[in-house]
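Last residue of the sequence shown: 672 in this note's numbering, with the numbers rising by one and none dropped.
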Amino acid sequence: MAERLVLLWVFSVLSIPARSVFDELFFNGFKGAASNMSLNGASGIQDNGILRLTNETQRVLGHAFYPLPIQFKNSTDGKALSFSTAFAFAIVPEYATLGGHGLAFAISPTKELLGTLPRQYLGLLNASEVGNFSNHIFAVEFDTVQDLEFEDINDNHVGIDIDSLVSNKSVPAAYFDGNNSLQELNLKSGQVIQAWIEYNSQNNRLDVKLSPSSVKPRSTLLSFEVDLSPFLQEFMYVGFSSSTGLLASSHFIMGWSLKMNGEAKTLKLDDLPSLPRPKENHKSLIIGVSVSLLMIFVIVLSFRLIRKIKNADVVEAWELDVGPHRFSYKELKKATRSFRDKELLGFGGFGRVYKGTLPSSNTQVAVKRISHESKQGLREFVSEIASIGRLRHRNLVQLLGWCRRRGDLLLVYDFMPNGSLDKYLFDEPKTILSWDQRFKIIKDVASGLLYLHEEWEQTVIHRDIKAGNVLLDSELNGRLGDFGLAKLYEHGSNPSTTKVVGTLGYLAPELTRTGKPTTSSDVFAFGALLLEVVCGRRPIEPKALPEELILVDWVWDNWRVGAILEVVDPRIGGEFDELEAVVVLKLGLMCSNNSPKARPTMRQVARYLEGEVALPESVEALDAYDEKKGGGELEDYVQHRRSLRK
Numbered sequence: 027m028a029e030r031l032v033l034l035w036v037f038s039v040l041s042i043p044a045r046s047v048f049d050e051l052f053f054n055g056f057k058g059a060a061s062n063m064s065l066n067g068a069s070g071i072q073d074n075g076i077l078r079l080t081n082e083t084q085r086v087l088g089h090a091f092y093p094l095p096i097q098f099k100n101s102t103d104g105k106a107l108s109f110s111t112a113f114a115f116a117i118v119p120e121y122a123t124l125g126g127h128g129l130a131f132a133i134s135p136t137k138e139l140l141g142t143l144p145r146q147y148l149g150l151l152n153a154s155e156v157g158n159f160s161n162h163i164f165a166v167e168f169d170t171v172q173d174l175e176f177e178d179i180n181d182n183h184v185g186i187d188i189d190s191l192v193s194n195k196s197v198p199a200a201y202f203d204g205n206n207s208l209q210e211l212n213l214k215s216g217q218v219i220q221a222w223i224e225y226n227s228q229n230n231r232l233d234v235k236l237s238p239s240s241v242k243p244r245s246t247l248l249s250f251e252v253d254l255s256p257f258l259q260e261f262m263y264v265g266f267s268s269s270t271g272l273l274a275s276s277h278f279i280m281g282w283s284l285k286m287n288g289e290a291k292t293l294k295l296d297d298l299p300s301l302p303r304p305k306e307n308h309k310s311l312i313i314g315v316s317v318s319l320l321m322i323f324v325i326v327l328s329f330r331l332i333r334k335i336k337n338a339d340v341v342e343a344w345e346l347d348v349g350p351h352r353f354s355y356k357e358l359k360k361a362t363r364s365f366r367d368k369e370l371l372g373f374g375g376f377g378r379v380y381k382g383t384l385p386s387s388n389t390q391v392a393v394k395r396i397s398h399e400s401k402q403g404l405r406e407f408v409s410e411i412a413s414i415g416r417l418r419h420r421n422l423v424q425l426l427g428w429c430r431r432r433g434d435l436l437l438v439y440d441f442m443p444n445g446s447l448d449k450y451l452f453d454e455p456k457t458i459l460s461w462d463q464r465f466k467i468i469k470d471v472a473s474g475l476l477y478l479h480e481e482w483e484q485t486v487i488h489r490d491i492k493a494g495n496v497l498l499d500s501e502l503n504g505r506l507g508d509f510g511l512a513k514l515y516e517h518g519s520n521p522s523t524t525k526v527v528g529t530l531g532y533l534a535p536e537l538t539r540t541g542k543p544t545t546s547s548d549v550f551a552f553g554a555l556l557l558e559v560v561c562g563r564r565p566i567e568p569k570a571l572p573e574e575l576i577l578v579d580w581v582w583d584n585w586r587v588g589a590i591l592e593v594v595d596p597r598i599g600g601e602f603d604e605l606e607a608v609v610v611l612k613l614g615l616m617c618s619n620n621s622p623k624a625r626p627t628m629r630q631v632a633r634y635l636e637g638e639v640a641l642p643e644s645v646e647a648l649d650a651y652d653e654k655k656g657g658g659e660l661e662d663y664v665q666h667r668r669s670l671r672k
């Protein structure tokens, strides 16, 4: 009897398509493997054994994870283990050249990934989780839509994502053929593609290879040096995630193998289940046979009517009393030459910005195109614009007018010919700002922010002060832009999809606890701006030495040892007013204090900069803010960035 039970157990184990011997998985197709995969969302296993993550449905996500956790870290020293995986996939878009959003191989603390979103989030994260380094999400994305918010390089790329959807490194999809020549590879071609992902914990190296065949290329397509130990937990779930957006794609996994501390088996594509045949469509043939001249006329006429309606402005009765000046969509379309890419000045979290010339006055303007699809809160949205339009200050970018057309809101601003301040500070700027120019810009921004905080009829919190939002006019005067847009963006939005406002390095630590921006959190961001203008460096510089990674900490360390002037941008060539530089750096440290109560107000900041009041001799320690949750996420971020440099 005992022998029969043993034989029955052995037979049941061998009959399962996936073999899991603590550290190895192998799926040569997924037929009969439903019990060996945790599926949710739109995912499912088809009759022929193909794992289908999404179907031809818009705005859906699909997850498929191995249901048992796998050990990814050494329990003794906490070091991430080496692993290797290979899988065959295919992306079949609804329309030949337009993809859904793509798929990702993922390692996650959970197999459910609750609360995640489709579209550009790939089913991995939601808007509030992007950049949160307590996620412990690692993924290699195969992305078929270029999302500017996440700095995608194109609509056909492979990227490595760690706790974020802004890839740590990405390359256009391609493969090395038998002659070791790089060939283009279209992810959404509908053909079966095999991917190999290998992590070597000895040299902290992650390699990704692709091929449309069963032969593993000799050369690596994407390589990234990273120690995954800080990001992985000891036991993690492994699998796939995928999503669609306005356009749909079917994302298929034909086979999958994984090996811990070894090399995963390469899949033989000929042995895997075949993709389903595309649906036959006789509709176009029927229409082609039955169409008549009358139908052509009706179609052309309908097209013109639809185009006219589509381009029409949306004007409701309550909007007639709203200022400032309202432009017609036709006027702005003509001004920007139909929003051509050649007129694109840049883009950010709130939308694209185009250069335009108003035909009526030949005035150059900047047109910001914001998407606001939710109808809820629209009246408040437009009313807020009316308030912003009444703001008048020489150091604010003036809102000249607006236009609303369906889901688009177009804001018209003064054109700033010299662009944003960050282009003059970071990387290798073509023009180096002198000290006098920098000090003048600092005082300009302080004056504009003081107006927003204290001198207008109501307090306006900027929420996203940084060098990229400081624009320079023809005389290099500093003007603060994008004020009020963060609040605008929240009107009528779903709390689960609202975009996180702010930029790491500028976010005050209390925001991670309260989530409520204040004038004091604006001052914190202004402190970061002060330091980057003087030092010519970003608040967080990933490629810097460990002690120079966080700008404010580096400045503080030099302040404590009496070498504060060592941090001044060397590109100035030593030609600067030492007293003014000390004032700005000291003031930057005061504004960067972790305690909101220890930071000065913008009124005090302006007086310090104008020399009306002397600065205190000492600067309070930056870590004075001792509440348990204050600054925690920033510390996680620092640990994250340091780990990436290893």
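Every residue gets a Cβ at the ideal spot worked out from N, C-alpha and C, and that includes glycine.
Give me the residue from 254, 56, 377 and 223 with the minimum Cα distance to residue 174.
Residue nearest to residue 174 within the set 254, 56, 377 and 223 is 377 (criterion: CA-CA distance).
So what's residue 361 in DSSP terms, helix, strand or just coil?
Reduced to three states, the DSSP call for residue 361 is helix.
Applying the criterion that 16 or more other CB atoms from any shown protein chain within 10 Å of the CB defines a buried residue, is residue 635 buried or exposed?
It is buried - the Cβ of residue 635 has at least 16 other Cβ atoms within 10 Å.
Judging by CA-CA distance, which residue of 226, 297 and 263 is the nearest neighbour of residue 240?
Looking at the Cα atoms, 297 is the closest of the given residues.
Measuring CB to CB, does residue 497 end up less than 8 Å from residue 379?
Residue 497 places its beta carbon 8 Å or farther from that of residue 379.
At what residues does the beta strand (DSSP E) containing residue 538 begin and finish?
Element bounds for residue 538: not the beta strand (DSSP E) but the alpha helix (DSSP H), 537-540.
Cβ neighbours of residue 477 in the same chain (closer than 6 Å, five flanking residues each side left out)
Around residue 477: 419.
With 16 other CB atoms within 10 Å as the buried threshold, where does residue 387 fall?
Exposed, because fewer than 16 other Cβ atoms sit within 10 Å of the Cβ of residue 387.
Would you check whether the ligand HEM has a heavy atom nearer than 7 Å to the C-beta of residue 125?
Of ligands this structure carries none, so the ligand HEM is not represented either.
Contact under 8 Å by Cβ, residue 451 with residue 562:
In contact: residue 451 and residue 562 (Cβ atoms closer than 8 Å).
State the Cα-Cα distance for the pair residue 295 and residue 218, rounded to the nearest angstrom.
When rounded, the distance between both Cα atoms is 8 Å.
I'd like to know whether the C-beta atoms of residue 186 and residue 129 end up nearer to each other than 8 Å.
No, these two residues do not count as a Cβ contact at 8 Å.
What span of residues does the alpha helix (DSSP H) with residue 63 cover, start to end?
Premise fails: residue 63 is in no alpha helix (DSSP H) and is neither H nor E.
Following the continuous beta strand (DSSP E) through residue 113, name the residue where it begins and the one where it ends.
In the DSSP annotation of this structure, the continuous segment of the beta strand (DSSP E) that includes residue 113 starts and ends at 109-119.
For residue 169: DSSP bridge partner residues:
According to DSSP, residue 169 bridges with 128 and 183.
Measure the alpha-carbon distance for residue 165 versus residue 263 and round it to whole angstroms.
Each residue's alpha carbon lies about 12 Å from the other.
Buried or exposed: residue 146, going by 16 or more other Cβ atoms within 10 Å of its Cβ?
Buried.
To the nearest angstrom, report how far apart residue 541 and residue 489 are at their CA atoms.
So the two alpha carbons sit approximately 11 Å from each other.
Does the separation of the CB atoms of residue 580 and residue 615 fall below 8 Å?
Not in contact: residue 580 and residue 615 (Cβ atoms no closer than 8 Å).
Alpha carbon to alpha carbon, how far is residue 559 from residue 487?
In this model, residue 559 and residue 487 are separated by some 21 Å (Cα to Cα).
Looking at the unbroken beta strand (DSSP E) that takes in residue 382, where does it start and where does it end?
Where residue 382 is concerned, the enclosing beta strand (DSSP E) stretches over 377-383.
For residue 467 versus residue 447, is the C-beta spacing smaller than 8 Å?
Going by C-beta atoms, residue 467 is nearer than 8 Å to residue 447.
Give a yes or no on whether the C-beta atoms belonging to residue 156 and residue 190 are separated by under 8 Å.
The answer is yes: Cβ separation under 8 Å.
Please state whether DSSP places residue 419 in a helix, a strand or coil.
In the three-state reduction of the DSSP assignment, residue 419 falls in the coil class, being assigned neither a helical nor a strand state.
Alpha helix (DSSP H) runs wholly inside the region 596-627, at least 4 long, in chain order
Scanning the region 596-627 from its first residue to its last, the whole alpha helix (DSSP H) runs of 4-plus residues come out as 604-617.
Run of the alpha helix (DSSP H) containing residue 545, from where it starts to where it stops
For residue 545, the enclosing alpha helix (DSSP H) covers residues 545-561.
Between the region 84-97 and the region 193-205, do three or more beta carbon pairs fall short of 8 Å?
No contact exists between the region 84-97 and the region 193-205.
If residue 202 sits next to residue 245, beta carbons under 8 Å apart, how far is it from one beta carbon to the other, in whole angstroms?
Sure, about 4 Å apart at Cβ, within 8 Å.
Report all residues from its chain with a CB closer than 8 Å to the CB of residue 361; omit the five preceding and five following residues, and keep chain order.
Counting only Cβ-Cβ distances below 8 Å, and skipping sequence neighbours, we find 382, 383, 384, 385, 391 and 393.
DSSP puts residue 231 in a beta bridge; with which residues?
Answer is 226 and 251.
Taking the straight line between their C-alpha atoms, what separation do you get for residue 606 and residue 494?
So the two alpha carbons sit approximately 23 Å from each other.
Per-residue DSSP class, three states only, for residue 257
Correct three-state label for residue 257: coil.
Where does the unbroken beta strand (DSSP E) through residue 178 begin, and where does it stop?
Element bounds for residue 178: n/a, residue is neither H nor E.
Quick check: the Cα distance between residue 121 and residue 268, rounded to an integer number of angstroms?
One Cα belongs to residue 121, the other to residue 268, and the distance between them is close to 17 Å.
Would residue 79 and residue 279 be called neighbours here (beta carbons separated by less than 8 Å)?
Taking 8 Å as the Cβ cut-off, residue 79 and residue 279 qualify as a contacting pair.
Secondary structure of residue 639, DSSP reduced to three states:
Correct three-state label for residue 639: coil.
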